[in-house]
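The opening position of the sequence shown corresponds to residue -9 in the working numbering, with each subsequent residue numbered one higher.
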Amino acid sequence: MHHFTYQHGRLFAEDVDIAALADEVGTPFYVYSTATLERHYKVFAKAVGAPKSRVFFAMKANSNLAVLSTLARLGAGADTVSEGEIRRALAAGMPANAIVFSGVGKSDAELAFAVDAGIYQINIETEGELHALSRIATAKGKRQNAVFRINPDIGAGGHAKITTGSDDNKFGISLSEAERLYTVAANLPGVRILGLATHIGSQIHMLDELQLAFGRLRELTERLSSLGHRVERIDLGGGLGIPYEMAEAVEHGPGLIEDYAAMVAKTFADLDLELAYEPGRLIVGNAGILVTRALTLNPRAGKTILVVDAAMNDLIRPAMYDAFHDIWPIREPVRGGPERLYDVVGPICETGDTFATARTLPETQPGDLIALMTAGAYGAAMSSTYNSRLLVPEVLVRGAEWAIVRPRPSYEELIKLDRLPGWLS
Ligand code: LLP
């Protein structure tokens, strides 16, 4: 479900004409729809029974302050993975007790910052981190609430690079270690272990693996409880997949979410637990698009290379995960109109800078605008200044209103980030 539709022959974001926006903002740029963001959050939160269950938006998917603030107003917390993300969540108005800190490796400085901020929970991934956290919190005269992130040895997800739950992945504590670490933690004054967490992968469409993983967490919960350990929170991570074919997305109801919620309820309902969720992609993926302008055409035998002004530094998913993003022209295509086979590429000097290969699209000319759809998650958040390209701007739409929520920096600002050492200046 999303709010990007053709009106008056042009693509609109809610009630905002994207072609007019392109004239104002310049291309490339991201556009997010408040209505889509809000709908997705509400559908998810309702299905999983928030606020009794806790929803921590995985802000690695999209960490723009305006997006976070929109979600915070609906009651969302944040799942963070760095001091920078914790600072952003706080700056967006999320209370510290609505922030969870996950991540494979946390520095002492990050742990200290999180403890000082008084965040809700730290998801501990290694024995070393357990000791570090206790030492840091104890020195501050504090005791930090935490859970153990368990690796259930069940991986899942849309690509090997985003599978996290199998034993040979770098994430989490092995199932067989949980019991011992609970005992270790019982003697550490700076931590209070309240439960378990997991996250087995991203862009998951079948519930089987999630169900298996959650089943293992349940067994572990029962085993730990029977030994007298405290398991009162379970954080189930994120990972639910979304449609990247936009025609499908318009039709896509909350089916998967409801099946997921029912599966979770069936797995844990009879246990007295607080359940938590960390959805990222599901909330923001379909709520954002990347608008770009065609620069030039390069004809080849049987196809045309269409060079656009966005590149892999603005949206790295196709280069990194061979990800599919639907491409929609901003001018509504006429039914039965001319179509061509295109490779849609960015201007960066590497072949990986390709958004789509052999894609049939309505005939496109230099100057035409197109949109890379479903780019709200892991789009702007993963952008860079590679090739000394300016960081891509972001626009948030609400009804007929819009605002630039991250401006395009100037070249002066970009260059000023570097310094010359004394011997060169
Ligand atoms: N919780 C934890 C601990 C995670 O590591 C992640 C994502 C999430 C929650 C949110 O997962 P989601 O609901 O978004 O699937 N850059 C990749 C995706 C990386 C996901 C990393 N972890 C992409 O563009 O596909």
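From the three backbone atoms N, C-alpha and C, an ideal C-beta is built for every residue, glycine too.
Give the list of continuous beta strand (DSSP E) stretches no shorter than 3 residues that lie fully inside the stretch 85 to 160. 89 to 91, 111 to 114 and 134 to 141
Considering Cα atoms alone, identify which of L380, G118 and V21 is closest to E402. Looking from the CA of E402, the closest CA among L380, G118 and V21 belongs to L380.
Out of V334, G336, G342 and G326, point me to the one whose CA is closest to Y311's CA. G342
Does the distance from the C-beta atom of A12 to that of V281 stay below 8 angstroms? yes
Would you mind giving the Cβ-Cβ distance between A301 and G336, rounded to the nearest angstrom? I have them listed as a contact below 8 angstroms. 3 angstroms
Report whether the distance from the Cβ of I153 to the nearest heavy atom of the ligand LLP is below 7 angstroms. Here the sequence assigns Thr to residue 153, which means Ile is not the residue at that position. Incorrect: T153 has no Cβ contact closer than 7 angstroms to the ligand LLP.
Classification of P179 by the beta-carbon crowding that lies within 10 angstroms, buried from 16 upward: exposed
Own chain partners of T128 with C-beta closer than 7 angstroms, once the 5 adjacent residues on each side are dropped: P179 and G180
Is it buried or exposed, P41, if we count other Cβ atoms within 10 angstroms and call 16 or more buried? exposed
For R170, the three-state DSSP class (helix, strand or coil): Here R170 sits in helix by DSSP.
Looking at A25: is its Cβ nearer than 8 angstroms to the Cβ of M49? no
For a quick check, are the C-beta atoms of I76 and A107 less than 8 angstroms apart? Taking 8 angstroms as the Cβ cut-off, I76 and A107 qualify as a contacting pair.
Could you pull the start and end residues of the alpha helix (DSSP H) that G74 belongs to? E73 to A81
Any idea if M196 is buried or exposed, counting beta-carbon neighbours within 10 angstroms, 16 or more meaning buried? exposed
Quick test of your reading: G229 and I190, contact by CB under 8 angstroms. State the CB separation rounded to the nearest angstrom. The beta-carbon distance between G229 and I190, rounded to whole angstroms, is 6 angstroms. This is short enough to meet the 8 angstroms contact definition.
Just tell me which of D157, V90 and A56 has its CA closest to the CA of Y20. A56
Look at the alpha carbon of G93 and the alpha carbon of S59, and state the distance between them as a whole number of angstroms. 23 angstroms
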